[in-house]
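Engineer: In terms of the working numbering, the sequence shown opens at residue 97 and continues consecutively.
Virtual Cβ for every residue (Gly too), placed ideally from N, Cα, C.
Here it is, the structure, as structure tokens.
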Amino acid sequence: MGMKADPNPRKRLFYTFGNHMHWVDMEWLWGYSVLPDSIDDMIRLIGDTGAKGNLNFDAVGYEKLAAENPAALEKLRHMLAQGNIEIVGASYGQPYGIFHGGESNLRQRIYGIRSVLRLLGVRPRVFWEEEFDFFPQLPQLLLGCGFHGACLFFQWTWHTPHLPQETEPFIWWQGMDGSRIAAISKHALCLHQWPEDFVGRLDEAADSDSDPIAVVQWLELMPSPDWMCRSELLIPPLKTFQQDPRFDWQAVTLGEMLAELQNPAAPVRAYRLDQVFHGMTLGKNGDRMPRWSHRAERSLLHAEALSVLCGGLGRPYPSWSVYPTWELEESWRELLAAQHHDNHECEALCGFVGRFSFERSFSLSQEVLRRSLQSLAKRLAGENRRWLAFNPCGFTRDVALDFQPGGRPGWVRQVPAFGYRAVASLESPETAAIAGSPQSGFQIHLQGFEVEIDARGQVKRLDHPKGPSKAQGRQLDLGGVHMRVENQSLEWDSDLEWEVHDQADFPFLQCRRRFRGRPALRQRFWIHPQPLAFVLETAVGDQEAAAFPRPDPGYGGALQLSIRPDFRVACLRHDHPFAISEIRPGGSYQRKYPTGDWMTSPQWFETVKAPFSALSLVDLLQQAKADSPGWFCIHDGAQGFLAESNGVRQVLQAYDPWDEDGWHPLFQSRLMILPHQGMNDLQRWQVAEDWLTPGYGHAISQLTDPALGQAELPVQFCGLHLKARSTAASALYRESQKAGEHLPDHFVHLDENIQEPFVLRVVERMGFPDQVELEFPGELRFAALTNHLGEVEQRLVGQSHPHKPGYSLLRWQMKPFQVRTVYLDSSWGRHQARHLDQHRQVWATVHRRKKP
Numbered sequence: 097m098g099m100k101a102d103p104n105p106r107k108r109l110f111y112t113f114g115n116h117m118h119w120v121d122m123e124w125l126w127g128y129s130v131l132p133d134s135i136d137d138m139i140r141l142i143g144d145t146g147a148k149g150n151l152n153f154d155a156v157g158y159e160k161l162a163a164e165n166p167a168a169l170e171k172l173r174h175m176l177a178q179g180n181i182e183i184v185g186a187s188y189g190q191p192y193g194i195f196h197g198g199e200s201n202l203r204q205r206i207y208g209i210r211s212v213l214r215l216l217g218v219r220p221r222v223f224w225e226e227e228f229d230f231f232p233q234l235p236q237l238l239l240g241c242g243f244h245g246a247c248l249f250f251q252w253t254w255h256t257p258h259l260p261q262e263t264e265p266f267i268w269w270q271g272m273d274g275s276r277i278a279a280i281s282k283h284a285l286c287l288h289q290w291p292e293d294f295v296g297r298l299d300e301a302a303d304s305d306s307d308p309i310a311v312v313q314w315l316e317l318m319p320s321p322d323w324m325c326r327s328e329l330l331i332p333p334l335k336t337f338q339q340d341p342r343f344d345w346q347a348v349t350l351g352e353m354l355a356e357l358q359n360p361a362a363p364v365r366a367y368r369l370d371q372v373f374h375g376m377t378l379g380k381n382g383d384r385m386p387r388w389s390h391r392a393e394r395s396l397l398h399a400e401a402l403s404v405l406c407g408g409l410g411r412p413y414p415s416w417s418v419y420p421t422w423e424l425e426e427s428w429r430e431l432l433a434a435q436h437h438d439n440h441e442c443e444a445l446c447g448f449v450g451r452f453s454f455e456r457s458f459s460l461s462q463e464v465l466r467r468s469l470q471s472l473a474k475r476l477a478g479e480n481r482r483w484l485a486f487n488p489c490g491f492t493r494d495v496a497l498d499f500q501p502g503g504r505p506g507w508v509r510q511v512p513a514f515g516y517r518a519v520a521s522l523e524s525p526e527t528a529a530i531a532g533s534p535q536s537g538f539q540i541h542l543q544g545f546e547v548e549i550d551a552r553g554q555v556k557r558l559d560h561p562k563g564p565s566k567a568q569g570r571q572l573d574l575g576g577v578h579m580r581v582e583n584q585s586l587e588w589d590s591d592l593e594w595e596v597h598d599q600a601d602f603p604f605l606q607c608r609r610r611f612r613g614r615p616a617l618r619q620r621f622w623i624h625p626q627p628l629a630f631v632l633e634t635a636v637g638d639q640e641a642a643a644f645p646r647p648d649p650g651y652g653g654a655l656q657l658s659i660r661p662d663f664r665v666a667c668l669r670h671d672h673p674f675a676i677s678e679i680r681p682g683g684s685y686q687r688k689y690p691t692g693d694w695m696t697s698p699q700w701f702e703t704v705k706a707p708f709s710a711l712s713l714v715d716l717l718q719q720a721k722a723d724s725p726g727w728f729c730i731h732d733g734a735q736g737f738l739a740e741s742n743g744v745r746q747v748l749q750a751y752d753p754w755d756e757d758g759w760h761p762l763f764q765s766r767l768m769i770l771p772h773q774g775m776n777d778l779q780r781w782q783v784a785e786d787w788l789t790p791g792y793g794h795a796i797s798q799l800t801d802p803a804l805g806q807a808e809l810p811v812q813f814c815g816l817h818l819k820a821r822s823t824a825a826s827a828l829y830r831e832s833q834k835a836g837e838h839l840p841d842h843f844v845h846l847d848e849n850i851q852e853p854f855v856l857r858v859v860e861r862m863g864f865p866d867q868v869e870l871e872f873p874g875e876l877r878f879a880a881l882t883n884h885l886g887e888v889e890q891r892l893v894g895q896s897h898p899h900k901p902g903y904s905l906l907r908w909q910m911k912p913f914q915v916r917t918v919y920l921d922s923s924w925g926r927h928q929a930r931h932l933d934q935h936r937q938v939w940a941t942v943h944r945r946k947k948p
């Protein structure tokens with residue numbers, strides 16, 4: 097007789113947890129024992145229940161453990177060797193990736209993976225972060241860093257992230273470039289860290305159609321009475337979970353769960369950013385933290401590019417060596433740690449330390465920029481060379497020097513990509529004319545562009561010679577600010593103080609808006625000559641801070657700027673890390689806040705309607721196609737927007753109750769509006785990069801250093817030239833041989849003479865297949881397309897440029913929206929030794945002086 101089938105077969109149930117903890121914030125406030133104690137509590141949980149888990153520390157935390165508690169790190173190595181845990185996420189500083197630049201997001205993975213390899217001897221292969229680390233290009237970046245899988249369950253803590261909830265636990269997560277990574281979805285059996293979240297879950301699992309069942313749970317283990325997630329509280333409900341007779345309970349790590357559930361026919365999900373919500377209150381404290389992040393990141397990228405250039409031009413170097421590796425990498429480490437999510441969401445609790453890290457990162461990179469510009473200017477001294485302009489961008493552009501309201505402007509035209517140009521004089525732009533009065537309103541005119549601002553400080557007319565056509569009955573609404581204080585709407589449209597600054601080299605109009613009789617908010621209006629665009633600055637400075645009232649909590653009370661054009665808006669495009677895409681905001685999301693003390697008070701919810709974010713740009717288009725006419729808007733750091741009828745509102749200043757009393761009124765926000773007849777995404781990115789990049793320049797001394805010789809360098813130099821339809825270079829830097837540690841396939845291992853290779857990052861911006869031709873200085877001995885950690889994927893062969901002596905040519909193909917890393921070993925920029933043995937007499941016997 098055959099065996100009878102079990103009438104009630106047990107369902108397989110895979111369980112895993114992630115233990116999330118970090119050096120940033122937690123050790124700063126709770127002390128040195130945080131990470132070691134979290135490890136011990138995780139070991140207790142595993143030992144008492146037989147569960148398997150995943151460790152999600154910030155990688156800077158592993159580095160701190162190595163220095164402060166090597167024994168704890170040795171426990172981790174033992175657990176890894178036993179297979180009880182897996183390292184997941186492994187970003188260096190656990191950021192909200194969507195709020196930071198593309199390059200920062202890549203360096204987070206690169207620096208994090210290197211740290212884990214160096215200290216723990218394992219390669220992280222699965223992405224899972226507790227905070228909302230999500231954007232459409234992330235699947236591609238993860239695969240390019242060697243990850244094989246992911247989990248899209250982000251926990252509610254101080255932020256309330258939302259992703260679509262799936263019915264199946266396994267999906268294929270697809271990026272913009274079409275790449276797919278195996279992923280655990282956000283589904284019903286994603287548990288938060290509280291023991292109470294187990295209640296009712298067994299019945300949900302039993303009723304689920306899935307077989308096998310996947311249960312994932314976030315924990316933040318710390319055995320302290322000042323903490324709510326402890327193994328002693330979790331062990332009893334977890335044991336009950338294990339002992340339920342309806343399930344065949346199996347303990348797995350996240351990587352093992354993905355291997356068990358992987359299904360080629362599983363649903364494919366390419367989530368758009370209008371399907372998700374980051375769950376943060378953007379605008380809080382004037383966006384101090386994300387503003388600092390972008391400022392420091394840009395400074396670092398520009399310092400890297402200038403260091404590549406100066407090292408390539410030979411001695412004398414601005415630094416001791418051909419490239420200041422440690423300074424720049426230390427600057428990155430400070431920046432990546434400062435980008436930690438707690439420094440943003442828990443700003444009043446720990447953000448002051450994060451701000452100091454941003455400042456240190458910025459100071460390090462600014463010092464490299466300062467001395468490098470000074471060194472380059474000295475070497476350019478000669479006849480008809482009075483000004484040096486450096487271009488840190490990957491495309492040729494005009495560089496504006498000292499281009500600020502009230503300052504003396506000047507242009508240096510056609511400065512090559514990642515290169516410089518020296519000129520005898522700066523080109524002065526045409527300046528705008530301002531007319532009108534506080535009673536009748538004002539007009540600003542420049543090059544056929546006319547802006548009219550009424551007596552209430554609102555822009556009523558924006559007539560650009562290349563702007564979109566107006567629509568009948570559409571009312572322009574621009575410059576108006578809205579806020580709620582003590583549950584009352586504050587419109588700021590009366591009692592204004594006006595100032596006309598028309599004698600300056602860069603004329604602008606200023607108004608101060610009053611609150612209860614005192615100036616509380618400042619706005620400035622001007623026309624930028626290139627590109628010909630309108631600029632609106634809104635700020636609370638030292639003179640206004642005492643009178644500016646704290647807005648009511650959250651998005652509902654925030655200071656918001658209206659941007660509503662006088663044409664029908666049919667489409668919105670915005671940017672996010674490494675891409676620009678259409679967005680259709682329309683969702684309503686819950687955002688929670690405490691009523692008092694953040695740890696103990698009851699919480700309340702705000703409904704946020706049609707929110708979206710933009711790293712630096714939003715284009716309001718007249719037609720539902722990417723290249724239609726519209727208003728192209730670039731901002732300098734206020735990333736939060738709310739879509740509304742025929743326009744958007746930009747969130748400029750908000751109060752987040754999670755910060756309790758820690759609200760800071762000071763802020764300054766600039767918005768540039770460029771009316772246009774049509775742009776593509778590459779042009780959008782280039783215009784934004786151009787406007788947001790400082791004008792790097794230096795006066796060239798007419799007193800030539802005799803040791804350097806007269807005008808030893810050419811009047812201009814191009815760091816590289818990229819010929820492509822839709823691909824652009826976004827970063828250029830160098831690495832040392834140390835970057836190849838623990839990575840046997842790294843580029844530096846191709847030849848023992850590769851010392852400090854060049855690293856080029858390129859991005860296809862328009863969604864087209866593209867062929868790229870790179871012109872690079874020197875003879876290319878080795879070149880390769882690599883993954884983002886430098887592991888060789890495809891060798892490339894360079895050839896001498898037929899028309900540019902001293903340059904090489906390199907060609908490769910790009911896929912739509914692809915982010916590629918290229919490594920180069922060139923004769924240009926090789927370290928030039930000083931042969932100090934020829935000067936041994938200076939040191940070797942100087943101590944043997946005869947007595948006088």
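(1) Quick one: does P265 have its CB under 7 Å from some CB of chain C?
(2) Could you tell me the alpha carbon to alpha carbon distance between G351 and A401, rounded to whole angstroms?
(3) Return yes when the Cβ of G447 is within less than 7 Å of the Cβ of F763, no when it is not.
(4) Does the distance from the CB of Y751 to the CB of R618 come in under 7 Å?
(5) Taking 6 Å as the limit between beta carbons, can you name the residues of its chain near V744, skipping five residues before and five after?
(6) Where does N776 fall in DSSP's three states?
(7) Please report how far the alpha carbon of H597 lies from the alpha carbon of P534, in whole angstroms.
(8) Could you work out which residue in H817, F249, D589 and S275 is closest to F514 when comparing CA atoms only?
(9) Threshold first: 4 residues or longer. Then list the alpha helix (DSSP H) segments lying entirely within the region 441 to 502, N to C.
(10) Out of Q928, P360, S826 and P220, which has the shortest C-alpha to C-alpha gap to E860?
(11) Quick one: Cα of Q599 to Cα of L920, how far?
(12) Where are the beta strand (DSSP E) runs, 3 residues long or more, that stay fully inside the region 328 to 358, in chain order?
(13) Could you compute how far the alpha carbon of W908 sits from the alpha carbon of V918?
(14) Is H845 helix, strand or coil by DSSP?
(15) Checking 7 Å against the spacing of the C-beta atoms, do L572 and A518 come in under that value?
(16) I need the DSSP call for L804, collapsed to helix, strand or coil.
(17) Given A710, which residues of its chain have a CB within under 8 Å of its CB, disregarding the five upstream and five downstream residues?
(18) Is it right to say N480 is buried, meaning 16 or more other beta carbons lie within 10 angstroms of its own, or is it exposed?
(19) Take Y413 and list the residues in its own chain whose beta-carbon comes closer than 7 Å to its own, dropping the five residues that flank it on each side.
(20) Around the Cβ of A167, are there at least 16 other Cβ atoms within 10 angstroms (buried) or fewer (exposed)?
(21) So if DSSP puts L655 in a beta bridge, which residue, or which two residues, is it bridged to?
(22) Since L767 and Q746 should fall inside the 8 Å C-beta cutoff, what is the C-beta to C-beta distance between them, to a whole number of angstroms?
(23) Give me the Cα-Cα distance between P501 and R466, rounded to the nearest whole angstrom.
(24) Straight-line CA distance for C247 to T336?
(25) Measure the alpha-carbon distance for L605 versus E595 and round it to whole angstroms.
(26) Quick check on this structure: which residue in A643, D305, Q313 and G563 has the alpha carbon closest to the alpha carbon of F250?
(27) Quick one: residues in its chain with C-beta nearer than 6 Å to the C-beta of G198, no 5 flanking neighbours on either side, listed in chain order?
(28) Of the residues W224, R620 and R780, which one's Cα is nearest the Cα of I540?
(29) Between H398 and P488, how many whole angstroms is the CB-CB distance? I'm expecting something under 8 Å.
(30) Beta strand (DSSP E) containing R610: first to last residue?
(31) According to DSSP, simplified to helix, strand and coil, what is M385?
(32) Alpha carbon to alpha carbon, what distance is there between F854 and F872?
(33) What residues in its chain sit with their C-beta under 7 Å from that of D340, if we drop five residues either side in the sequence?
(34) If the criterion is Cβ atoms closer than 7 Å, does the pair G490 and A824 meet it?
(35) Going by DSSP, name the residue or residues bridged to N115.
(36) Report the option in V372, E640, E227 and C607 whose CA atom is closest to the CA atom of P761.
Structural biologist: Straight from the coordinates:
(1) Judged by its chain identifiers, the structure shown contains no chain C, having just a single protein chain.
(2) Counting from 1 along the sequence shown, the entry for residue 351 is found at position 255. Counting from 1 along the sequence shown, the entry for residue 401 is found at position 305. Their Cα atoms are separated by approximately 38 Å.
(3) To locate residue 763, count along the sequence shown from 1; it is residue 667. To locate residue 447, count along the sequence shown from 1; it is residue 351. Result no, Cβ atoms of F763 and G447 do not sit closer than 7 Å.
(4) Here residue 751 refers to the residue found at position 655 when the sequence shown is read from its first residue. Here residue 618 refers to the residue found at position 522 when the sequence shown is read from its first residue. No; because the gap between Cβ atoms is not below 7 Å, this pair is not in contact.
(5) Residue mapping note: residue 744 aligns to position 648 of the sequence shown, counting from 1. The answer, listed in chain order, is I659 and F737.
(6) Position 680 of the sequence shown, counting from 1, holds the residue named residue 776. Looking at N776 - three-state DSSP - the assignment turns out to be coil, as it is neither helix nor strand.
(7) Numbered from 1 along the sequence shown, position 501 holds the residue referred to as residue 597. Numbered from 1 along the sequence shown, position 438 holds the residue referred to as residue 534. Straight-line spacing of the CA atoms in H597 and P534 works out to 14 Å.
(8) Residue numbering aside, residue 514 sits at position 418 when the sequence shown is read from its first letter. For the set H817, F249, D589 and S275, the Cα lying nearest the Cα of F514 is the one of H817.
(9) Taking only runs of at least 4 residues, the alpha helix (DSSP H) segments lying wholly in the region 441 to 502 are 443 to 475.
(10) Locating residue 860 in the sequence shown gives position 764, where the first residue counts as 1. Answer by Cα proximity: S826.
(11) For this step, residue 599 is matched to residue 503 along the sequence shown. For this step, residue 920 is matched to residue 824 along the sequence shown. Roughly 51 Å separates the two Cα atoms.
(12) 343 to 347
(13) Translated into positions along the sequence shown, residue 908 becomes position 812. Translated into positions along the sequence shown, residue 918 becomes position 822. Taking the straight line from one Cα to the other gives about 10 Å.
(14) On the sequence shown, position 749 is the one that residue 845 refers to. Correct three-state label for H845: helix.
(15) For the purposes of this step, residue 572 is identified with residue 476 of the sequence shown, where counting begins at 1. For the purposes of this step, residue 518 is identified with residue 422 of the sequence shown, where counting begins at 1. No; because the gap between Cβ atoms is not below 7 Å, this pair is not in contact.
(16) As a first step, residue 804 must be located in the sequence shown, where it is residue number 708. In this prediction, L804 scores a pLDDT of 47, lower than 50, which makes its location untrustworthy; no coordinate-derived value is stated.
(17) In the sequence shown, residue 710 corresponds to position 614, counting from 1. Closer than 8 Å at Cβ, skipping near neighbours: H670, D671, H672, H731, Q735 and F737.
(18) Locating residue 480 in the sequence shown gives position 384, counting from the first residue. N480 is exposed by the Cβ-count criterion.
(19) Stepping through the sequence shown from its first residue, residue 413 is reached at position 317. Excluding residues within five positions, the ones whose Cβ falls inside 7 Å are C406 and G407.
(20) For this step, residue 167 is matched to residue 71 along the sequence shown. Exposed, because fewer than 16 other Cβ atoms sit within 10 Å of the Cβ of A167.
(21) Counted from its first residue, the sequence shown places residue 655 at position 559. Answer by DSSP bridge pairing, in chain order: Q749.
(22) Here the question's residue 767 lines up with position 671 in the sequence shown. Here the question's residue 746 lines up with position 650 in the sequence shown. The pair is a contact, with the Cβ atoms about 7 Å apart (cut-off 8 Å).
(23) Taking the sequence shown and counting its residues from 1, one reaches residue 501 at position 405. Taking the sequence shown and counting its residues from 1, one reaches residue 466 at position 370. For P501, the predicted structure reports a pLDDT of 47, less than 50, and the residue's modelled location is therefore unreliable. The matter cannot be settled from this model.
(24) Mapped onto the sequence shown, residue 247 falls at position 151. Mapped onto the sequence shown, residue 336 falls at position 240. Roughly 25 Å separates the two Cα atoms.
(25) Counting from one through the sequence shown, the residue named residue 605 turns up at place 509. Counting from one through the sequence shown, the residue named residue 595 turns up at place 499. L605 and E595: Cα-Cα distance of roughly 6 Å.
(26) On the sequence shown, position 154 is the one that residue 250 refers to. The shortest C-alpha separation from F250 is found at Q313.
(27) Locating residue 198 in the sequence shown gives position 102, where the first residue counts as 1. Once the five neighbours on either side are set aside, the close Cβ partners of G198 are P673 and F674.
(28) Taking the first residue of the sequence shown as 1, we reach residue 540 at position 444. Of W224, R620 and R780, the residue nearest in Cα terms is R620.
(29) If you number the sequence shown from 1, residue 398 lands on position 302. If you number the sequence shown from 1, residue 488 lands on position 392. Their Cβ separation, rounded to whole angstroms, is 4 Å, which keeps H398 and P488 in contact under 8 Å.
(30) As a working note, residue 610 is residue 514 in the sequence shown. Residues F604 to F611.
(31) Within the sequence shown, residue 385 is the residue found at index 289, counting from 1. If DSSP states are grouped into helix, strand and coil, M385 belongs with the helices.
(32) For the purposes of this step, residue 872 is taken as the residue at position 776 of the sequence shown. For the purposes of this step, residue 854 is taken as the residue at position 758 of the sequence shown. If you take the alpha carbons of F872 and F854, they lie about 10 Å apart.
(33) Position 244 of the sequence shown, counting from 1, holds the residue named residue 340. Hits under 7 Å: L298.
(34) Counting from one through the sequence shown, the residue named residue 490 turns up at place 394. Counting from one through the sequence shown, the residue named residue 824 turns up at place 728. Cβ atoms of G490 and A824: closer than 7 Å.
(35) Position 19 of the sequence shown, counted from the first residue, corresponds to residue 115. In the DSSP output, where bridge partners are listed per residue, N115 has L151 and L315.
(36) Here the question's residue 761 lines up with position 665 in the sequence shown. For the residues V372, E640, E227 and C607, the minimum Cα distance to P761 belongs to E640.
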